Amino acid sequence: MTANRTEPTWQDLPVRDELRGASPYGAPQLDVPVRLNTNENPYPLPEPLVARIAERVAAAARTLNRYPDRDAVELRTGLAAYLTRTAGHPVGPAQVWAANGSNEVIQQLLQTFGGPGRTAIGFEPSYSMHALISRGTGTRWISGPRRPDFTLDPGAGCAAIAEHRPHVVFVTSPNNPTGTAVAADTVLALYEAAQAARPSLVVVDEAYGEFSHRPSLLPLIEGRPRLVVVRTMSKAFGAAGLRLGYLAGHASVVDAVQLVRLPYHLSSVTQATALAALEHTDTLLGYVEQLKGERDRLVAELRSLGCEVTESDANFVQFGRFEDAHAAWQRLLDRGVLVRNNGVPGWLRVTAGTPEENDAFLDAVRELMKERAA
1 MTANRTEPTW QDLPVRDELR GASPYGAPQL DVPVRLNTNE NPYPLPEPLV
51 ARIAERVAAA ARTLNRYPDR DAVELRTGLA AYLTRTAGHP VGPAQVWAAN
101 GSNEVIQQLL QTFGGPGRTA IGFEPSYSMH ALISRGTGTR WISGPRRPDF
151 TLDPGAGCAA IAEHRPHVVF VTSPNNPTGT AVAADTVLAL YEAAQAARPS
201 LVVVDEAYGE FSHRPSLLPL IEGRPRLVVV RTMSKAFGAA GLRLGYLAGH
251 ASVVDAVQLV RLPYHLSSVT QATALAALEH TDTLLGYVEQ LKGERDRLVA
301 ELRSLGCEVT ESDANFVQFG RFEDAHAAWQ RLLDRGVLVR NNGVPGWLRV
351 TAGTPEENDA FLDAVRELMK ERAA
């Protein structure tokens, strides 16, 4: 007879101690009529851009027997031109670095400036991948404070930096999941505190920067070699499936992250697709303006229904407050609308969708609020 054996789980494997008890990042992908839980751009790419992608990818396919341009010079030149035109500050190709999504950019920064024996701080609730990637690179994570309204208190933030002396500081603006933006003078105060404490690398995550009412924080990199701004093409460009992120900062930071990048990390197809998207920025940014209007409509209508709403500079809205956020999430799901329960007690997050999707969401919230009042 053979003994009964249970199949091992990853918990039974010799994984690193700091990964035990952790959970992988993810959001449920359920088959429902309205999915507004992952901050995707709801508008498909326009047909002229789809055709241009096909042309560029076809050209790249003819040389797929060769490795791609490992330095992505043409792409970095295009990204630099885009930032110079839209973010209010001149940037050169040597100041830009691109990778497979902004998460890989963040990973490369932490591999370079964090790691075992080093620490990183972020002000939570914020983008959970900052903490997850920190732990994944052996960097000790420190959770810094926010005010009750989810804004960042510069005094408390500077005090936390002075106390912990982190090697990497994350500032997310607009912040995910709350949608709140950070003022330039707050970033400058945190940067000065970080330089006095260590000095440290300060990473401004502007994944949702194009949706903000405020100007980009990119001009702050001038004269500050340890300040970098991270962006993505997933949101404003409507290219979440492309997986293309990038940073802008001092050229020395770009040189440093190349110490840890994998060889030929950006495929020829990725580079070709991203270059095609950059040719259609005016059209894509037109969609951004539509989504900003829909976001503002969500804020106004949710408040009129009796919800509390956090001020949003992103393409999503945090709303509440609910005694049981999961139960409220389930009630909306029962009506065919999927939003995000990010684990912030009492709050849910909804992505700005098409007008029709937003109408369906608001109808579901209207029914939910009627149930609460009954």
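Following our numbering, the numbering of the sequence shown begins with 1 at its first residue and continues without gaps.
Even for Gly, the Cβ is constructed at its ideal location relative to N, Cα and C.
Predicted model only: the values in this text are computed from it and were never measured.
Sort out for me which residues DSSP pairs residue i with in a bridge.
{"i": "Ala99", "result": "Gly245"}
{"i": "Trp347", "result": "Gly320"}
{"i": "Ile142", "result": "Ile121"}
{"i": "Val299", "result": "Answer is none; Val299 lacks a bridge partner."}
{"i": "Asp205", "result": "Thr172, Val230"}
{"i": "Glu308", "result": "Gly320"}
{"i": "Leu338", "result": "Arg35"}
Determine, using beta carbons only, whether residue i comes closer than 9 Å to chain D.
{"i": "Gln290", "result": "Protein chain content of the structure displayed is limited to a single chain, and chain D is not contained in it."}
Quick one: residues in its chain with C-beta nearer than 6 Å to the C-beta of residue i, no 5 flanking neighbours on either side, listed in chain order?
{"i": "Ala60", "result": "Ser268, Val269, Ala272"}
{"i": "Leu291", "result": "Asn315, Ala352"}
{"i": "Glu308", "result": "Gly320, Arg321"}
{"i": "Pro145", "result": "Ala156"}
{"i": "Glu40", "result": "Ala240"}
{"i": "Pro46", "result": "Thr283"}
{"i": "Asn103", "result": "Met129"}
{"i": "Leu79", "result": "Val96, Tyr246"}
{"i": "Tyr67", "result": "Tyr264"}
{"i": "Arg349", "result": "Pro177, Phe316, Gln318, Arg340, Asn342"}
{"i": "Leu49", "result": "His280"}
{"i": "Phe234", "result": "Note that residue 234 corresponds to Ser in the displayed sequence, not to Phe. Contacts found: Ala240."}
{"i": "Arg147", "result": "Asp153"}
Using a Cβ-Cβ cut-off of 7 Å (strictly less than) and excluding sequence neighbours within five positions of residue i, which residues of its own chain qualify?
{"i": "Thr84", "result": "Pro90, Val91"}
{"i": "Val288", "result": "Glu210, Phe211, Ala236"}
{"i": "Val187", "result": "Val171, Val204, Leu217, Leu220"}
{"i": "Arg165", "result": "Ala197, Arg198"}
{"i": "Glu424", "result": "Nothing can be reported for residue 424, as the shown portion of the chain is limited to 1 through 374."}
{"i": "Thr119", "result": "Thr139, Arg140, Ile142, His164, Pro166, His167"}
{"i": "Val257", "result": "Trp97, Gln108, Leu109, Thr112"}
{"i": "Asp149", "result": "none"}
{"i": "Pro355", "result": "Glu294"}
{"i": "Ile133", "result": "Asn103, Ile106, Gln107, Leu110"}
{"i": "Ala189", "result": "Pro154, Cys158"}
{"i": "Tyr127", "result": "Thr172, Asn176, Asp205"}
Compare the Cα-Cα distances from residue i to each of the options and report the closest residue.
{"i": "Thr86", "options": "Pro174, Pro116, Arg231, Ala94", "result": "Arg231"}
{"i": "Leu266", "options": "Arg76, Pro28, Leu45", "result": "Arg76"}
{"i": "Ile121", "options": "Gly136, Arg140, Gln111", "result": "Arg140"}
{"i": "His326", "options": "Glu311, Ser312, Gly346", "result": "Gly346"}
{"i": "Ala274", "options": "Arg331, Pro8, Leu242, Asp185", "result": "Leu242"}
{"i": "Met369", "options": "Ala328, Glu356, Arg340", "result": "Ala328"}
{"i": "Gly306", "options": "Gly249, Ala248, Ala373, His250", "result": "Ala373"}
{"i": "Leu302", "options": "Arg366, Gly293, Pro8", "result": "Arg366"}
{"i": "Ala159", "options": "Gly136, Phe123, Glu74, Asp149", "result": "Phe123"}
{"i": "Asn341", "options": "Ser134, Gly117, Gln11, Thr38", "result": "Thr38"}
{"i": "Val229", "options": "Arg331, Leu298, Ile106", "result": "Ile106"}
{"i": "Asn175", "options": "Arg147, Asp185, Tyr208, Ala184", "result": "Tyr208"}
{"i": "Leu262", "options": "Asp69, Ser23, Ser126", "result": "Asp69"}
{"i": "Gln330", "options": "Arg16, Pro28, Glu222, Pro125", "result": "Pro28"}
{"i": "Gly238", "options": "Tyr43, Ser304, Asp324", "result": "Tyr43"}
{"i": "Pro125", "options": "Ser234, Glu323, Thr310, Asp324", "result": "Thr310"}
Cutting at 8 Å between CB atoms, please list the residues of its own chain near residue i, excluding the five before and the five after it.
{"i": "Gly336", "result": "Val32, Pro33, Val34, Ala360, Ala364"}
{"i": "Ala162", "result": "Ala193, Ala196, Ala197"}
{"i": "Leu30", "result": "Leu333, Leu338"}
{"i": "Ala72", "result": "Ala98, Leu266, Gln271"}
{"i": "Gln11", "result": "Arg20"}
{"i": "Gly88", "result": "Pro215, Ser216, Leu218, Pro219"}
{"i": "Thr137", "result": "Gln107, Leu110, Gln111, Gly114, Gly115"}
{"i": "Glu74", "result": "Gln271, Leu275"}
Is residue i near residue j, with beta carbons less than 9 Å apart?
{"i": "Val260", "j": "Arg295", "result": "no"}
{"i": "Arg214", "j": "Ser173", "result": "yes"}
{"i": "Leu227", "j": "Gly101", "result": "no"}
{"i": "Pro177", "j": "Val344", "result": "yes"}
{"i": "Val182", "j": "Leu201", "result": "no"}
{"i": "Leu36", "j": "Asn358", "result": "yes"}
{"i": "Ala248", "j": "Arg56", "result": "no"}
{"i": "Tyr82", "j": "Thr281", "result": "yes"}
{"i": "Leu362", "j": "Leu298", "result": "yes"}
Write down the C-beta distance between residue i and residue j rounded to the nearest angstrom, noting that I regard them as a contact closer than 8 Å.
{"i": "Gly114", "j": "Val169", "result": "Going by Cβ atoms, the distance from Gly114 to Val169 rounds to 11 Å, so no, they are not a contact pair."}
{"i": "Arg224", "j": "Tyr191", "result": "6 Å"}
{"i": "Glu206", "j": "Arg135", "result": "That pair is no contact at about 23 Å."}
{"i": "Val254", "j": "Ala94", "result": "6 Å"}
{"i": "Gly117", "j": "Ser312", "result": "Not a contact, Cβ separation roughly 38 Å."}
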